Amino acid sequence: MRDTTTIKITSRFAEDKIRFKEPRELGLNVSLSFNDVNRIWSSLNRFGINNRDLLIKIKNIRIPKESFSIIHEKLPKFLASAFNKDNGIEEISSNDIIKAINVLIDFIIGRTDDVIFTIGLGASTTYPSIRLPAYIIPAIKVLRSISDCRKIVAIPKVHVFKATYAGYYVNGLDLASVKAMTEITLNLLNEFVDTFYPDVKSAFTFESDVDFKPTPIYSKIMSLSKVITSLAGVENELDTLLRMGFKHGGEQGALNALLYTAFHPFYNQSIVPLDMDNEVSDFTFTHPYPKLIIDFGGWPQRTFNTVIDKLRSILDPEKYHIPALINCIVKAGKIPVYYQAKKGDILLCDSCASLDDFVMDPMTEADYKLIFDEISETEYLRFISEFKTKYKI
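With the sequence shown counted from 1, adding 223 to any position gets you the numbering used here.
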């Protein structure tokens, strides 16, 4: 008689008991062990991802028998590190958790390297706030915390992208100014990582979009923006987006908000058309068809994520590559880091020897704290000063 283990689920299903065989052999594949299921579940449960159906699906995941010891050692650690509030992550959401876990299993045993972290930045015609690096620190901390996987696989790549032409076309911004600020912004982030986190520097790519309007991709995005207007089940989110857009640009601003919503999944590759490879090449910065996207965004991104998840769910998989997607909402950027907060924030072009004289709102102060928890204020401001000198700001 095979050994079995009973686990009591500590969640809103606290009275449920589910039986696990540890591990169960199925030909060349085996199930995850009881301990692994429990540890994976605990990582997800911290963020409220705790429905019973998901737990059963985790139990039914199959892994290659010869890779059992590697998965047992690495997968729960990977997930516990990635989904950790101590790394500056406030919330995670996904409709693809099981699909994502299966990709991570392949990633850990070396079958694929198509796991990408993405971080998107909007366009601006003004210098960014010097709290800008706070936005990428959560991804850096996640990379560092899973670095023990390097003995088996490389750490994921991180693609940081700036929506230069999207800002130009959607918001009518001055192109020369936007391009200049894009260059400054990406250089600042690149040198920040190079200076303070050289151990993960090789994982990062910093890029802007290109002029996509002359290509068929533009009509594809326009078409999807029209699909978004009729999505069922996300009416409240669409209403929020329209009100946000109207506030910034009237009726045209409302339409632009939907257009921006259609842009984002093309930029982070969570939607990739399959029928226009050449035209899409400008959007595939790291891998042509990634299998898993872990997207890091600020609190304002939550509404967009809900709508994009719905859009992804209705697209024809024969026309679009739809990779697994996990959305991570980070603590930084409740006020976008490429804009100046109203109270006590400092732009890159401002003079600043110390932050002592600045009275900040709590959200802005939290962004600076995220940086200074990693790097001393004196050291960071010296870095900013040297950067400004180098780039003649």
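We put the CB at the ideal spot given by N, CA and C, even for glycine. All values derive from a computational prediction rather than experimental measurement.
May I ask you to report which of helix, strand or coil DSSP gives residue i?
i           : result
residue 512 : coil
residue 468 : helix
residue 280 : helix
residue 496 : strand
residue 543 : strand
residue 433 : coil
residue 184 : Lying outside 224 to 616, the shown extent of the chain, residue 184 is not represented and no answer is given.
residue 343 : strand
residue 523 : coil
residue 627 : Nothing can be reported for residue 627: it is not among the residues displayed for the chain, which extend from 224 to 616.
residue 615 : coil
residue 559 : coil
residue 255 : coil
residue 338 : strand
residue 326 : helix
residue 287 : strand
residue 438 : coil
residue 502 : Here the model assigns residue 502 a pLDDT of 47, short of 50, so the residue's position is not dependable, and the following value carries that caveat. Correct three-state label for residue 502: helix.
residue 423 : helix
Using the beta-carbon count (16 or more within 10 Å), is residue i buried or exposed?
i           : result
residue 437 : exposed
residue 443 : buried
residue 609 : exposed
residue 577 : exposed
residue 591 : buried
residue 459 : exposed
residue 354 : buried
residue 279 : exposed
residue 601 : exposed
residue 445 : exposed
residue 537 : exposed
residue 271 : exposed
residue 530 : buried
residue 233 : Note that residue 233 scores 35 on pLDDT, short of 50, meaning its location in the model is unreliable; the coordinates nonetheless yield the value given after this. Per the 10 Å Cβ criterion, exposed.
residue 615 : exposed
residue 512 : exposed
residue 611 : buried
residue 432 : buried
residue 416 : buried
residue 326 : buried
Taking the straight line between their C-alpha atoms, what separation do you get for residue i and residue j?
i           : j           : result
residue 429 : residue 533 : 28 angstroms
residue 322 : residue 407 : 37 angstroms
residue 414 : residue 494 : 30 angstroms
residue 474 : residue 467 : 11 angstroms
residue 289 : residue 301 : 19 angstroms
residue 619 : residue 574 : Residue 619 lies beyond the range of the chain shown here (224 to 616); nothing can be said about it.
residue 518 : residue 569 : 27 angstroms
residue 547 : residue 427 : 21 angstroms
residue 286 : residue 266 : 19 angstroms
residue 239 : residue 257 : The predicted model places residue 239 with a pLDDT of 38, which falls under 50 and marks its position as unreliable; any figure quoted below should be read in that light. Taking the straight line from one Cα to the other gives about 16 angstroms.
residue 252 : residue 282 : 13 angstroms
residue 447 : residue 613 : 42 angstroms
residue 248 : residue 254 : Because the pLDDT at residue 248 is just 47, under 50, the model does not fix this residue reliably, and the value given afterwards should be weighed accordingly. About 7 angstroms.
residue 370 : residue 524 : 27 angstroms
residue 594 : residue 557 : 15 angstroms
residue 335 : residue 379 : 11 angstroms
residue 264 : residue 320 : 11 angstroms
residue 606 : residue 360 : 16 angstroms
residue 599 : residue 368 : 21 angstroms
residue 410 : residue 425 : 15 angstroms
residue 297 : residue 489 : 31 angstroms
residue 463 : residue 514 : 31 angstroms
residue 567 : residue 328 : 45 angstroms
Cβ of residue i within 8 angstroms of Cβ of residue j?
i           : j           : result
residue 486 : residue 389 : yes
residue 496 : residue 441 : no
residue 560 : residue 357 : yes
residue 393 : residue 482 : yes
residue 332 : residue 294 : yes
residue 551 : residue 324 : no
residue 317 : residue 549 : yes
residue 584 : residue 564 : yes
residue 618 : residue 555 : One cannot answer for residue 618 here, as it falls past the ends of the chain, which runs 224 to 616.
residue 365 : residue 304 : yes
residue 582 : residue 313 : no
residue 341 : residue 491 : yes
If I'm right that residue i touches residue j with Cβ under 8 angstroms, what's the distance once you round it to whole angstroms?
i           : j           : result
residue 299 : residue 275 : 20 angstroms between Cβ atoms; not a contact.
residue 384 : residue 343 : 6 angstroms
residue 480 : residue 465 : 6 angstroms
residue 381 : residue 399 : Not quite, the Cβ-Cβ distance comes to about 28 angstroms (not below 8 angstroms), so this is no contact.
residue 452 : residue 401 : Between residue 401 and residue 452 the Cβ distance is about 27 angstroms, and since that is not below 8 angstroms, they are no contact.
residue 435 : residue 484 : That belief does not hold up - the Cβ atoms of residue 435 and residue 484 are roughly 16 angstroms apart, past 8 angstroms.
residue 396 : residue 346 : 6 angstroms
residue 572 : residue 350 : 4 angstroms
residue 562 : residue 352 : 7 angstroms
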